[in-house]
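Written below as structure tokens is the structure these notes are about.
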Amino acid sequence: MKQSITDIINFNLFGIPLVGADICGFHHDTTVELCSRWIQLGAFYPFSRNHNGQYMIDQDPAALGSNVLSSARKSLITRYYLLPYLYSLFWKAHVYGETVVRPLFFEYPFDDNTYGIDTQFLWGAALLILPVLKEKNHHVYVYLPKDIWYDFYNKTVILSNGNHFVITAPADTIPLLIRGGYILPTQMAALTTKLSRQNHFELLVATKHDQSTGFLFFDDGKSLDSWKNDSYNKVQFKLVNTTFSSIVEMNSYIDDNFVLQNITVLGIKQGPTNSQVNGIPFNGFYFNKTEQVLYFKKLNLNLRMPFNLTW
Numbered sequence: 001m002k003q004s005i006t007d008i009i010n011f012n013l014f015g016i017p018l019v020g021a022d023i024c025g026f027h028h029d030t031t032v033e034l035c036s037r038w039i040q041l042g043a044f045y046p047f048s049r050n051h052n053g054q055y056m057i058d059q060d061p062a063a064l065g066s067n068v069l070s071s072a073r074k075s076l077i078t079r080y081y082l083l084p085y086l087y088s089l090f091w092k093a094h095v096y097g098e099t100v101v102r103p104l105f106f107e108y109p110f111d112d113n114t115y116g117i118d119t120q121f122l123w124g125a126a127l128l129i130l131p132v133l134k135e136k137n138h139h140v141y142v143y144l145p146k147d148i149w150y151d152f153y154n155k156t157v158i159l160s161n162g163n164h165f166v167i168t169a170p171a172d173t174i175p176l177l178i179r180g181g182y183i184l185p186t187q188m189a190a191l192t193t194k195l196s197r198q199n200h201f202e203l204l205v206a207t208k209h210d211q212s213t214g215f216l217f218f219d220d221g222k223s224l225d226s227w228k229n230d231s232y233n234k235v236q237f238k239l240v241n242t243t244f245s246s247i248v249e250m251n252s253y254i255d256d257n258f259v260l261q262n263i264t265v266l267g268i269k270q271g272p273t274n275s276q277v278n279g280i281p282f283n284g285f286y287f288n289k290t291e292q293v294l295y296f297k298k299l300n301l302n303l304r305m306p307f308n309l310t311w
């Protein structure tokens with residue numbers, strides 16, 4: 001299980017990003033705890049599948065009981081929620097040769113402490129995955145480079161000066177951190193990826209000094225050469241202070257579900273008294289002072305058209 005992390009990192013370095021190990025193992029019988037934690041990790045393999053040997057015990061989640069089912073459901077729902085971000089990373093890997101999964105030192109090349117880390121990895125530049133790799137552990141001891149980080153689940157901010165941290169990891173949860181300064185496109189998970197694509201989009205904005213950037217690539221999900229044939233949508237997002245804007249670089253793929261519904265902005269110290277969308281007053285926002293999170297709901301914005309949101 002641990003070895004699989006270096007394997008997927010290496011294959012991404014080789015220019016083969018769509019890779020993943022056999023979740024829960026292939027040779028020898030798995031255990032409930034091993035399979036539960038491996039499913040959590042495997043949900044963040046670029047290629048995610050449970051694969052078993054012929055004479056081993058059954059290792060699908062239902063065969064191993066409610067704890068494994070709970071773990072699998074939570075981690076796979078999270079994967080589906082993040083598929084727009086993952087899909088956009090694959091487009092960038094295909095066109096520019098970038099990695100989908102990458103080691104920390106790719107993003108922090110001047111931090112010597114990142115060079116030997118092989119138990120943590122990133123999706124792109126923005127999402128840090130921290131799997132539990134030891135038996136009977138309910139926490140992970142991790143190194144965070146100097147940056148602003150946010151807990152994916154509870155939105156708590158972690159300010160690191162290049163320190164080690166102990167992060168809680170309940171039995172059904174894999175710790176995830178979002179790097180400040182980045183915007184992740186998401187969709188609510190459905191039973192299948194096809195159905196998930198029919199849900200409206202959301203944006204998860206992790207601020208760093210009141211700024212963030214990100215992008216979304218979207219096509220029909222099955223054509224091989226959509227980007228060569230200009231049959232796709234590509235939108236850049238940018239937050240500067242209290243202005244959130246989109247720049248539409250390509251909008252040739254028409255889909256009624258290419259709509260932005262919600263934006264969640266992390267790291268906001270003071271809530272707004274009003275907001276505007278394209279100069280029109282918008283009242284669908286809520287500020288959680290305790291979490292320092294600003295929520296915009298039911299925006300209903302066509303992503304094929306540029307927009308400005310100010311507060």
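Everything in the sequence shown is counted per UniProt numbering, starting at 1 for the first residue and increasing by one.
We treat Cβ as the ideally placed atom computed from N, Cα and C, and that holds for glycine.
**Q.** contact_flag[the stretch 103-117, the stretch 65-84] where n(CB pairs < 8 Å) is 3 or more
**A.** no
Q. Can you name the start and end residues of the alpha helix (DSSP H) that T6 belongs to?
A. Your numbering for residue 6 matches position 6 in the sequence shown. Where T6 is concerned, the enclosing alpha helix (DSSP H) stretches over K2 to L13.
Q. How about L159 and P185: do their beta carbons lie closer than 7 Å?
A. Counted from its first residue, the sequence shown places residue 159 at position 159. Counted from its first residue, the sequence shown places residue 185 at position 185. No; because the gap between Cβ atoms is not below 7 Å, this pair is not in contact.
Q | Every unbroken alpha helix (DSSP H) within the stretch 178-225, with a cutoff of 4 residues, ordered by chain | A | 193-196
(Q) Taking the alpha-carbon of Y45 as reference, which of L299, R179 and Q120 has the nearest alpha-carbon? (A) In the sequence shown, counting from the first residue as 1, residue 45 sits at position 45. When only C-alpha atoms are compared, the closest one is Q120.
Q. Closest to K155 by CA distance: which of M305, Y295 and I8 is it?
A. Start at 1 with the first residue of the sequence shown, and residue 155 comes out as number 155. Relative to K155, the option among M305, Y295 and I8 whose CA is nearest is Y295.
Q. Which partner residues does I129 have in the DSSP bridge list?
A. By one-based count along the sequence shown, residue 129 stands at place 129. In the DSSP assignment, I129 is bridged to F121 and L176.
Q. In terms of DSSP beta bridges, what is R102 paired with?
A. For the purposes of this step, residue 102 is taken as residue 102 along the sequence shown, with counting starting at 1. The partner list for R102 (beta bridge, DSSP) reads L122.
(Q) Can you tell me whether I254 is buried or exposed? The criterion is at least 16 other CB atoms within 10 Å of its CB, across all chains shown. (A) Mapped onto the sequence shown, residue 254 falls at position 254. Answer is exposed; the Cβ neighbour count stays below 16.
Q: Over the uninterrupted beta strand (DSSP E) stretch that includes N241, give me the two end residues.
A: In the sequence shown, counting from the first residue as 1, residue 241 sits at position 241. Taken as a continuous stretch (DSSP letters only), N241 belongs to no beta strand (DSSP E), as it is neither H nor E.
Q: Assign S226 to one of two classes, buried (16 or more other C-beta atoms within 10 Å of its C-beta) or exposed (fewer than that).
A: Position 226 of the sequence shown, counted from the first residue, corresponds to residue 226. That one is buried.
Q.
Using CA atoms only, rank isn't needed, just tell me which of V240, K234, A169 and I174 is closest to E249.
A. By one-based count along the sequence shown, residue 249 stands at place 249. That would be K234, whose Cα lies nearest to the Cα of E249.
**Q.** Simplified DSSP assignment, three categories, for residue 312
**A.** Outside the shown range of the chain, which is 1 to 311, sits residue 312, and nothing can be said about it.
Q | Beta-carbon proximity check, G214 vs I247, cutoff 7 Å | A | The count along the sequence shown starts at 1 and reaches residue 214 at position 214. The count along the sequence shown starts at 1 and reaches residue 247 at position 247. Taking 7 Å as the Cβ cut-off, G214 and I247 do not qualify as a contacting pair.
Q: Give every residue of the same chain whose Cβ lies closer than 8 Å to the Cβ of K298, excluding the five residues on either side of it in the sequence, and list them in chain order.
A: The residue you call residue 298 lines up with position 298 of the sequence shown. Counting only residues of its own chain and dropping the five nearest sequence neighbours on each side, K298 has a CB closer than 8 Å to the CB of Q261, N262 and G284.
Q: Taking all protein chains shown into account, decide if G15 is buried (16 or more other Cβ within 10 angstroms of its Cβ) or exposed.
A: In the sequence shown, the residue the question calls residue 15 occupies position 15. That one is exposed.
Q. Helix, strand or coil: which one does DSSP assign to D22?
A. Start at 1 with the first residue of the sequence shown, and residue 22 comes out as number 22. Annotated three-state conformation of D22 is strand, per DSSP.
Q: Could you name the residues of the same chain whose beta carbon sits closer than 7 Å to that of N278, not counting the 5 residues immediately before and after it, in chain order?
A: Translated into positions along the sequence shown, residue 278 becomes position 278. Excluding residues within five positions, the ones whose Cβ falls inside 7 Å are F307 and N308.
Q | Cross-strand partners of P281 (DSSP beta bridge) | A | Stepping through the sequence shown from its first residue, residue 281 is reached at position 281. Bridge partners of P281: Q276.
Q | Nearest-angstrom Cα separation, counted from A21 out to L34 | A | Here the question's residue 34 lines up with position 34 in the sequence shown. Here the question's residue 21 lines up with position 21 in the sequence shown. Rounded to whole angstroms, L34 to A21 spans 14 Å at the Cα level.
**Q.** Residues near I117 by beta carbon distance below 8 Å, same chain, minus five either side
**A.** Reading the sequence shown from its first residue, position 117 is the one you call residue 117. The residues are P103, L104, F105 and Y143.
Q. Nearest to R37 by alpha carbon, out of H200, M1, N288 and W311?
A. The residue you call residue 37 lines up with position 37 of the sequence shown. Looking at the Cα atoms, M1 is the closest of the given residues.
**Q.** Beta-carbon spacing of L177, W149 below 7 Å
**A.** Residue numbering aside, residue 177 sits at position 177 when the sequence shown is read from its first letter. Residue numbering aside, residue 149 sits at position 149 when the sequence shown is read from its first letter. Result yes, Cβ atoms of L177 and W149 sit closer than 7 Å.
Q. From L130 to H94, what does the alpha carbon distance come to, in whole angstroms?
A. Translated into the one-based positions of the sequence shown, residue 130 becomes position 130. Translated into the one-based positions of the sequence shown, residue 94 becomes position 94. Taking the straight line from one Cα to the other gives about 26 Å.
Q: Spatial neighbours of K289 within its chain, please: CB distance less than 8 Å, with the 5 preceding and 5 following residues excluded, ordered by chain position.
A: Indexing the sequence shown from 1 puts residue 289 at position 289. So the qualifying residues of the chain are G271.
**Q.** Endpoints, beta strand (DSSP E) assigned at L294
**A.** The residue given as residue 294 occupies position 294 in the sequence shown. Element bounds for L294: V293 to F296.
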